[in-house]
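Visitor: One structure, pasted below without further comment.
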Amino acid sequence: GRELVEIPSRAGLDQDNNTNALALGSKTYTLRSCLHPFIAEQAALTDEQILEQEHADTSFDDSDDEDDNGADDDVRRPRPYGSLISWSTTDQLGPLGILYVILALILVGGKVMTDVDLRTQLKRLRLLSTAGRSPVHFTTSSTHRSMSLDAYLTHLQQKGFLDRQQVGDHAAKKKGAGKRIRATQAEDAEEGRTWEWRWGPRAACEVGEEGISKFVAEFMVGNADADEDEDAEEGNAAGGGRRRRAGGAATANANGREDKLKRMLAGVEKAAGGKLAECR
Numbered sequence: 001g002r003e004l005v006e007i008p009s010r011a012g013l014d015q016d017n018n019t020n021a022l023a024l025g026s027k028t029y030t031l032r033s034c035l036h037p038f039i040a041e042q043a044a045l046t047d048e049q050i051l052e053q054e055h056a057d058t059s060f061d062d063s064d065d066e067d068d069n070g071a072d073d074d075v076r077r078p079r080p081y082g083s084l085i086s087w088s089t090t091d092q093l094g095p096l097g098i099l100y101v102i103l104a105l106i107l108v109g110g111k112v113m114t115d116v117d118l119r120t121q122l123k124r125l126r127l128l129s130t131a132g133r134s135p136v137h138f139t140t141s142s143t144h145r146s147m148s149l150d151a152y153l154t155h156l157q158q159k160g161f162l163d164r165q166q167v168g169d170h171a172a173k174k175k176g177a178g179k180r181i182r183a184t185q186a187e188d189a190e191e192g193r194t195w196e197w198r199w200g201p202r203a204a205c206e207v208g209e210e211g212i213s214k215f216v217a218e219f220m221v222g223n224a225d226a227d228e229d230e231d232a233e234e235g236n237a238a239g240g241g242r243r244r245r246a247g248g249a250a251t252a253n254a255n256g257r258e259d260k261l262k263r264m265l266a267g268v269e270k271a272a273g274g275k276l277a278e279c280r
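Residue numbering for the sequence shown follows the working numbering, beginning at 1 and increasing consecutively.
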């Protein structure tokens with residue numbers, strides 16, 4: 001199911017520990033899923049029968065190549081995933097993944113990151129701010145084929161997922177002037193303007209710091225332990241002599257992965273500089 005919730009205002013986020021914070025609503029609402037996380041995870045798993053049916057539909061892209069070396073205007077048809085939740089026809093998983101990476105970088109950077117640092121990190125992921133490049137790709141179900149990094153960051157600001165603020169002396173001058181300053185990166189650097197990125201209210205409302213920390217932890221731990229579990233299951237099927245040892249190894253691997261996840265979550269919380277918030 002879904003629930004209608006009010007997106008908190010910027011002031012409401014800043015005064016999260018204040019008992020009057022609820023009065024600082026934005027009067028803007030969003031629909032978000034209220035499914036139990038376990039149900040959502042199970043519905044996102046690949047089912048072979050669904051995958052076969054989606055492969056038979058020519059509107060999907062059967063290619064397993066996810067390399068982004070193609071041209072920005074190349075046609076990218078929706079990919080089949082074989083899950084109950086049809087990611088193929090709803091969300092744009094590529095841009096959504098980039099958003100989650102940006103939110104993760106800001107979170108582990110102490111919940112704030114300068115514009116220069118953010119772009120430096122994204123450049124390492126081949127998300128360049130170079131003029132004429134559009135590294136953010138959409139499928140044919142979108143009205144856009146691709147976006148430049150600057151355009152996508154602006155889009156995320158407009159949607160309330162990110163918030164960019166000017167800091168330092170120029171911020172005070174801007175406030176006194178009472179008008180918005182728009183400039184290129186080169187102009188910002190030349191005039192000494194510094195910008196910082198933070199989470200926007202919608203990210204805090206729809207994703208949550210705990211959700212992003214789990215995203216980071218699961219990515220960092222990976223599926224190495226799952227591969228070990230498969231090896232243990234093969235050993236279990238090989239004969240009675242190895243059955244008990246294989247079962248014990250599988251249990252140890254599962255416990256080891258949980259321990260790694262806990263340590264990784266603790267590391268993310270420490271890097272963020274404080275207790276992580278749930279969805280507002």
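C-beta: ideal position from N, C-alpha, C; glycine also.
Computed from a predicted model, the values in this text were never measured in an experiment.
1) Go ahead and label Q166 buried or exposed: buried means 16 or more other beta carbons lie within 10 angstroms of its beta carbon, across all protein chains shown.
2) Quick check on DSSP: helix, strand or coil for K27?
3) Going by CA-CA distance only, name the one from R145, S146 and L162 that's closest to L153.
4) With a Cβ-Cβ cutoff of 7 angstroms, do S33 and R77 count as a contact?
5) Once you ignore the five residues that flank T194 on each side, which residues in its own chain have a CB closer than 6 angstroms to its CB?
6) How would you call I102, buried or exposed, if buried means at least 16 neighbouring beta carbons within 10 angstroms?
7) Identify which residue in L99, T140 and F138 has its Cα closest to the Cα of L122.
8) Counting pairs of Cβ atoms below 8 angstroms between the segment 250-257 and the segment 203-218, do you hit three or more?
9) Within the same chain, show all residues whose beta-carbon is closer than 7 angstroms to that of G176, passing over the 5 residues directly before and after it, in chain order.
10) Taking the straight line between their C-alpha atoms, what separation do you get for G94 and T139?
11) Does the distance from the CB of G256 to the CB of R202 come in under 7 angstroms?
12) Just confirm the distance between the C-beta atoms of V268 and V108, as a whole number of angstroms; I'd bet it's less than 8 angstroms.
13) Name the DSSP beta bridge partners of S146, please?
14) First and last residue of the alpha helix (DSSP H) that includes T120?
15) Is it buried or exposed for L31, if we count other Cβ within 10 angstroms and need 16 for buried?
16) Please report the Cβ distance between A43 and L96, rounded to the nearest whole angstrom; I am assuming they are in contact, meaning their Cβ atoms lie under 8 angstroms.
17) Whose C-beta lies closer than 8 angstroms to the C-beta of D150 among residues of the same chain, with five residues either side of it excluded?
Guide: According to the data block:
1) One-based indexing of the sequence shown puts residue 166 at position 166. Residue burial annotation: Q166 is buried, with at least 16 other C-beta atoms found within 10 angstroms of its C-beta.
2) As a working mapping, residue 27 is identified with position 27 in the sequence shown. Shown here, K27 sits in a strand according to DSSP, grouped into three states.
3) As a working note, residue 153 is residue 153 in the sequence shown. Considering only alpha carbons, the answer is L162.
4) As a first step, residue 33 is located in the sequence shown; it is residue number 33 there, counting from the start. As a first step, residue 77 is located in the sequence shown; it is residue number 77 there, counting from the start. Contact: no.
5) Taking the sequence shown and counting its residues from 1, the one referred to as residue 194 is at position 194. Close CB contacts of T194 within its chain, under the 6 angstroms cut and outside five residues either way in sequence, are with V167 and G168 (chain order).
6) As a working note, residue 102 is residue 102 in the sequence shown. Label assigned to I102: buried.
7) In the sequence shown, the residue the question calls residue 122 occupies position 122. Comparing Cα-Cα distances from L122 to each of L99, T140 and F138, the minimum goes to L99.
8) Taking one beta carbon from each stretch, the segment 250-257 and the segment 203-218 have fewer than 3 pairs nearer than 8 angstroms; the two do not touch.
9) Working through the sequence shown from its first residue, we reach residue 176 at position 176. The predicted position of G176 is uncertain, since its pLDDT is 48 and thus under 50; a value taken from the coordinates is nonetheless stated next. No residues qualify anywhere along the chain.
10) If you number the sequence shown from 1, residue 94 lands on position 94. If you number the sequence shown from 1, residue 139 lands on position 139. Approximately 9 angstroms between the Cα atoms of the pair.
11) Within the sequence shown, numbered from 1, the residue matching residue 256 stands at position 256. Within the sequence shown, numbered from 1, the residue matching residue 202 stands at position 202. No, the Cβ-Cβ distance between G256 and R202 is not below 7 angstroms.
12) Along the sequence shown, one-based indexing puts residue 268 at 268. Along the sequence shown, one-based indexing puts residue 108 at 108. Taking the Cβ atoms as the reference, V268 lies roughly 6 angstroms from V108, within the contact range of under 8 angstroms.
13) Residue numbering aside, residue 146 sits at position 146 when the sequence shown is read from its first letter. Answer by DSSP bridge pairing, in chain order: H137.
14) For the purposes of this step, residue 120 is taken as the residue at position 120 of the sequence shown. D115 to R124 is the extent of the alpha helix (DSSP H) around T120.
15) Residue numbering aside, residue 31 sits at position 31 when the sequence shown is read from its first letter. When all chains shown are included, L31 counts as exposed.
16) Here the question's residue 43 lines up with position 43 in the sequence shown. Here the question's residue 96 lines up with position 96 in the sequence shown. Not a contact, Cβ separation roughly 17 angstroms.
17) Mapped onto the sequence shown, residue 150 falls at position 150. Cβ within range, chain order: S129.
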